[in-house]
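According to our numbering, the sequence shown holds residues 6 to 248 in order. By construction, the Cβ of each residue, glycine as well, lies at the ideal position given by its N, Cα and C atoms. Computed from a prediction, not measured in an experiment: that's the story for all the values here. Encoded as structure tokens, the structure appears first; notes follow it.
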Amino acid sequence: MNVICMGSSGFVGKEVLKQLIKNENINKITCLIRKPLTGIEENPKVNFIIHNDFSNYSEELLKELSQSNQACIWTIGGRRSQFSTNEEYEKVSIDYTVTFANGIANALKSTTSTSTEATTTTTTTTINPFTFIYCSGMGANEKANESIINRIEIETRIVKGKVERLLTEIQKSNSNLFNLLIFRPGGIIENQSKLSQWLLSSFTVDLSHLSKVIIDKLINTQKINQDTTSTTIILNKDIYNYN
């Protein structure tokens with residue numbers, strides 16, 4: 006399987022990339038980056054593409070990415086507290102994500118339409134849907150209010166909730182082409198001890214385990230030959246309990 010890994014310089018994305026490289030089911034990984042990565046050894050499985058503007062993609066690039074890959078793992082976004090302004094956070098978290106997902110969906114639709122027009126027989130060809138994985142967050146809710154219990158990272162949860170809704174709309178509009186998996190991890194901790202994982206399993210998840218679950222779910226989804234696709238939400242408890 007060939008996979009696009011977006012956000013490969015980030016906290017989650019870098020770990021996902023490392024595990025993708027080690028996974029025997031993954032043949033090729035394409036990473037769009039602004040500058041060369043540090044801490045990642047060169048590997049023949051990985052193709053780095055320097056791309057400076059994540060709000061704009063050429064039709065040629067989207068066509069190439071959609072035709073040569075079966076999935077995308079999207080880990081760009083993070084928390085509101087990591088950005089200086091709401092505008093910057095919304096641009097990176099909403100605009101970047103939706104622009105790319107829309108671009109891939111439209112490229113898939115265009116390719117499918119062209120193939121259909123070129124077909125002169127009545128033979129039906131089964132196309133395995135493209136899988137888009139979005140790393141969201143616990144409590145994502147576009148309509149979250151500011152009650153005391155909901156106040157923690159409320160801007161983050163509202164924005165991620167909006168992204169989830171927009172991605173779901175893209176999936177529904179391309180139900181024969183686009184499969185959507187949404188992960189809602191709690192606090193992501195690197196090298197979390199087994200005891201800590203057990204004690205805090207309702208609110209946190211280990212970085213390595215999260216990355217493993219993301220990749221395993223992707224591989225299992227791609228193995229299923231689907232006539233139509235869906236949006237699947239994987240909660241923090243589901244991630245923790247996954248073996």
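Measure the Cβ-Cβ separation of residue i and residue j and say whether it is below 8 Å.
i, j, result
"Ser235", "Asn179", "no"
"Arg189", "Leu113", "no"
"Ser71", "Leu42", "no"
"Ile187", "Val210", "no"
"Leu66", "Ala110", "no"
"Thr136", "Leu204", "no"
"Tyr62", "Gly18", "no"
"Ser141", "Glu169", "yes"
"Gly82", "Met143", "no"
DSSP on residue i, reduced to helix/strand/coil?
i, result
"Thr125", "Note that Thr125 has pLDDT 44, beneath the 50 cutoff, so the model's placement of it is unreliable and the number below is only indicative. Three-state DSSP puts Thr125 in coil, outside helix and strand."
"Lys228", "helix"
"Arg189", "strand"
"Asn184", "strand"
"Lys217", "helix"
"Ala112", "helix"
"Lys33", "strand"
"Asn52", "strand"
"Asn150", "coil"
Considering Cα atoms alone, identify which of the options is closest to residue i.
i, options, result
"Thr237", "Val164, Tyr139 and Val17", "Tyr139"
"Lys40", "Glu29, Lys23 and Phe53", "Phe53"
"Ile9", "Phe16, Leu37 and Glu20", "Leu37"
"Arg162", "Ala106, Glu47 and Glu147", "Glu147"
"Tyr245", "Thr226, Leu200, Ile224 and Lys228", "Leu200"
"Gly12", "Ala145, Trp79, Lys27 and Gly44", "Trp79"
"Ala145", "Lys177, Ser98 and Gly108", "Ser98"
"Leu172", "Asn28, Cys77, Phe208 and Gly191", "Cys77"
"His56", "Leu22, Phe105 and Val21", "Phe105"
"Asp58", "Val218, Lys96 and Ser216", "Lys96"
Who are the near neighbours of residue i in its chain, counting only those whose CB is closer than 6 Å to its CB and skipping five residues on each side?
i, result
"Tyr94", "Arg85 and Phe88"
"Asp100", "Ser60"
"Val51", "Ile34"
"Glu195", "Leu212"
"Lys242", "none"
"Leu22", "Cys10 and Ser13"
Can you give me the Cβ contacts of residue i inside the same chain, cut-off strictly under 7 Å, excluding the 5 residues immediately before and after it?
i, result
"Leu25", "Val8, Cys10, Ile31, Ile34 and Ile220"
In its own chain, which residues sit with a C-beta less than 8 Å from the C-beta of residue i, not counting the 5 before and 5 after it?
i, result
"Thr116", "Lys68, Ser71 and Gln72"
"Gln75", "Met6, Asn7, Val8, Asn133, Phe135, Thr136 and Gln227"
"Asn91", "Arg85 and Glu160"
"Gln202", "Thr209, Val210, Asp211, His214 and Tyr245"
- Segments of 4+ residues assigned as alpha helix (DSSP H) that fall wholly inside the stretch 61-91: Secondary structure within the stretch 61-91: the alpha helix (DSSP H) runs of 4 or more consecutive residues, fully enclosed, are 64-73 (chain order).
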